[in-house]
Amino acid sequence: MLTIFVITALLWITRAIPLGTWQVGDEAVQAHSVADALHASFGLPTWSTGVILALLVGLVLIGGIRWIAEVVGKIVPIMAILYVICGVIILVLNAAEIPKAFELIFTYAFTPAAATGGFAGAAVWAAIQFGVARGIFSNEAGLGSAPIAHAAARTDNPVRQGVIAMLDPLIDTIIICTITGLVIIISGAWTSGVNGAPLSSAAFEQALPNFGGYVVTFGLVLFAFTTLLGWSFYGEKCVEYLFGFKSIIPFRLLWVIVIPIGAVGDLKVIWLVADTLNALMAIPNLIALLLLSPVIFKLTRDYLFPR
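Residue numbers for the sequence shown follow our numbering, beginning at 319 and rising by one.
Spelled out as structure tokens, the structure:
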């Protein structure tokens with residue numbers, strides 16, 4: 319058992335390095351999404367969004383002005399509920415189109431248009447690859463990042479906290495992403511050629527004119543801001559683990575600097591970097607999970623069937 323824990327510790331070290339850099343890569347995705355959405359909705363230059371977002375995050379992380387995060391943190395649940403309500407309303411109003419939407423999803427996933435011969439297999443593989451990559455990005459399943467926050471929670475039993483953690487993929491992927499995907503297809507926005515955050519805004523705007531687009535845009539801004547603060551905590555813990563407490567301030571400075579860069583960067587390059595770092599994190603983390611599976615099974619058994 320001691321050998322397993324030693325190996326796991328070594329895997330954590332090899333994982334902490336890409337995790338710290340991964341936060342910076344995925345941070346750029348969030349910054350770009352906000353800048354793209356505000357540019358599409360209000361014509362705001364992407365560079366100005368990046369600068370403003372960097373200033374707000376810097377005020378919280380470096381300036382210690384926590385009330386900004388507290389206010390936004392109270393608004394986010396309201397926006398999340400409003401987003402889900404709007405999505406459900408759209409689906410209810412277009413309930414007859416839902417079966418066709420699912421049919422379209424499976425048709426294009428496994429028999430892509432204009433795909434023949436060897437290219438057909440490649441297209442299916444690409445669909446699976448990007449689907450898995452975006453799913454992992456949305457819920458962080460298998461990356462080992464969310465456990466950093468859950469490990470800091472006050473709980474009487476680690477299994478109970480683990481069960482709570484399992485709600486994350488259910489809510490943000492199974493529920494939120496499914497609603498978003500169906501709205502995009504039902505509204506017809508998926509054929510517009512728009513990508514990224516503006517695609518979701520356009521879909522909701524078409525389905526709920528003069529209202530839906532603003533819900534998505536403002537919701538995205540709030541979600542991204544709190545995500546940037548949360549992910550900075552993950553990165554800080556990794557950097558502190560590797561280099562000590564003194565490395566936190568330099569990391570925070572780097573974190574703030576990357577935000578405007580991500581806002582004006584090339585989306586394809588940003589996603590490529592983020593997906594690559596996700597893979598570098600997942601491999602050692604999944605190995606560690608396999609090694610620790612006997613411990614996990616024992617703790618779970620003791621929790622569910624106490625003696």
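For every residue, glycine included, the Cβ atom is placed at its ideal position computed from N, Cα and C.
For residue i and residue j, which I take to be in contact (beta-carbon distance under 8 Å), what is that distance rounded to the nearest angstrom?
i       : j       : result
Ser-519 : Val-534 : 4 Å
Ala-592 : Phe-455 : 7 Å
Ala-507 : Leu-517 : 6 Å
Ala-503 : Leu-422 : The sequence given here has Ile at residue 503, not Ala. Contact flag correct, Cβ pair sits at about 6 Å.
Arg-570 : Ile-383 : With 8 Å as the limit, Arg-570 and Ile-383 do not qualify as a contact, their Cβ atoms being about 13 Å apart.
Thr-285 : Gly-449 : With the chain covering 319 to 625 only, the question about residue 285 has no answer from this structure.
Leu-400 : Ile-497 : In fact, because the Cβ distance is near 12 Å, the residues do not count as touching under 8 Å.
Ile-567 : Glu-558 : With 8 Å as the limit, Ile-567 and Glu-558 do not qualify as a contact, their Cβ atoms being about 11 Å apart.
Val-582 : Gly-368 : 6 Å
Met-397 : Phe-536 : 7 Å
Please return the same chain residues whose Cβ sits closer than 8 Å to the Cβ of residue i, not counting the five positions on each side in sequence.
i       : result
Ile-301 : Residue coverage of the chain in this structure runs from 319 to 625, which leaves residue 301 outside it and unanswerable.
Thr-544 : Ala-387, Val-390, Gly-391, Val-394
Gly-531 : Ser-359, Ser-519, Ala-520, Phe-522, Glu-523
His-468 : Gln-479, Gly-480, Ile-482, Ala-483
Glu-458 : Ala-464, Asp-486
Arg-472 : none
Ser-510 : Leu-517, Ala-520
Val-493 : In the sequence as displayed, the identity of residue 493 is Ile instead of Val. Within the same chain, Ile-493 has close Cβ partners Val-402.
Phe-563 : none
Among the residues of its own chain, which have a CB less than 6 Å from the CB of residue i, if the five just before and after it don't count?
i       : result
Trp-573 : Ser-550
Ala-451 : Asp-593
Thr-434 : Low local confidence applies: a pLDDT of 42 at Thr-434 is under 50, so the model's placement there is unreliable, with the coordinate-based value given in what follows. Cβ neighbours of Thr-434 beyond the five flanking positions: none.
Ile-466 : Tyr-552, Lys-555
Gly-436 : Residue placement at Gly-436 cannot be trusted, given a pLDDT of 42 that sits under 50; what the coordinates show is reported in the next sentence. None.
Val-512 : Ala-520
Asn-656 : No statement about residue 656 is possible, as the shown extent of the chain runs from 319 to 625 and does not include it.
Pro-417 : none
Leu-356 : Leu-362, Thr-367
Gly-415 : Rather than Gly, the amino acid found at residue 415 in this sequence is Glu. Excluding residues within five positions, the ones whose Cβ falls inside 6 Å are Ile-504.
Pro-612 : none
Would you please verify whether the beta carbon of residue i is less than 9 Å from any beta carbon of chain C?
i       : result
Val-576 : Reference to chain C is not applicable here, since this structure consists of a single protein chain.
Who are the near neighbours of residue i in its chain, counting only those whose CB is closer than 7 Å to its CB and skipping five residues on each side?
i       : result
Gly-514 : Ser-351, Asp-354, Leu-585
Asn-603 : Arg-333, Gly-460, Leu-461, Gly-462
Ala-542 : Gln-348, Ser-351, Val-352
Ile-601 : none
Cys-495 : Ser-456
Within the present structure, is the beta-carbon of residue i separated from the nearest heavy atom of the ligand SAM by less than 8 Å?
i       : result
Phe-569 : Here there are no bound small molecules, and the ligand SAM is not part of this structure.
Flag this pair as touching only if the region 365 to 381 and the region 561 to 581 have three or more C-beta atom pairs under 8 Å; answer yes or no.
By the Cβ test, the region 365 to 381 is in contact with the region 561 to 581, since at least three Cβ pairs between them sit closer than 8 Å.
The region 590 to 604 in contact with the region 359 to 370 per 3-pair CB rule at 8 Å
Cβ pair count under 8 Å is below three, so no.
Three or more C-beta pairs under 8 Å: does that hold for the region 401 to 408 against the region 523 to 530?
The region 523 to 530 and the region 401 to 408 touch, with three or more beta-carbon pairs separated by less than 8 Å.
Would you say the region 617 to 624 touches the region 474 to 492, given that touching needs at least three Cβ pairs under 8 Å?
Contact between the region 617 to 624 and the region 474 to 492 is present: 3 or more CB-CB pairs across the two stretches fall below 8 Å.
For a minimum of 3 consecutive residues, which ranges assigned as the beta strand (DSSP E) are wholly contained in the region 509 to 593?
You should have found no qualifying run.
If you scan the region 332 to 409 from start to end, which runs of the beta strand (DSSP E) of 3 or more residues do you find wholly inside it?
The region 332 to 409 is shown to contain no whole beta strand (DSSP E) run of 3 or more residues.
Which runs of the alpha helix (DSSP H), 4 residues or longer, sit entirely within the region 465 to 513?
The region 465 to 513 contains these whole alpha helix (DSSP H) runs: 476 to 483, 496 to 505.
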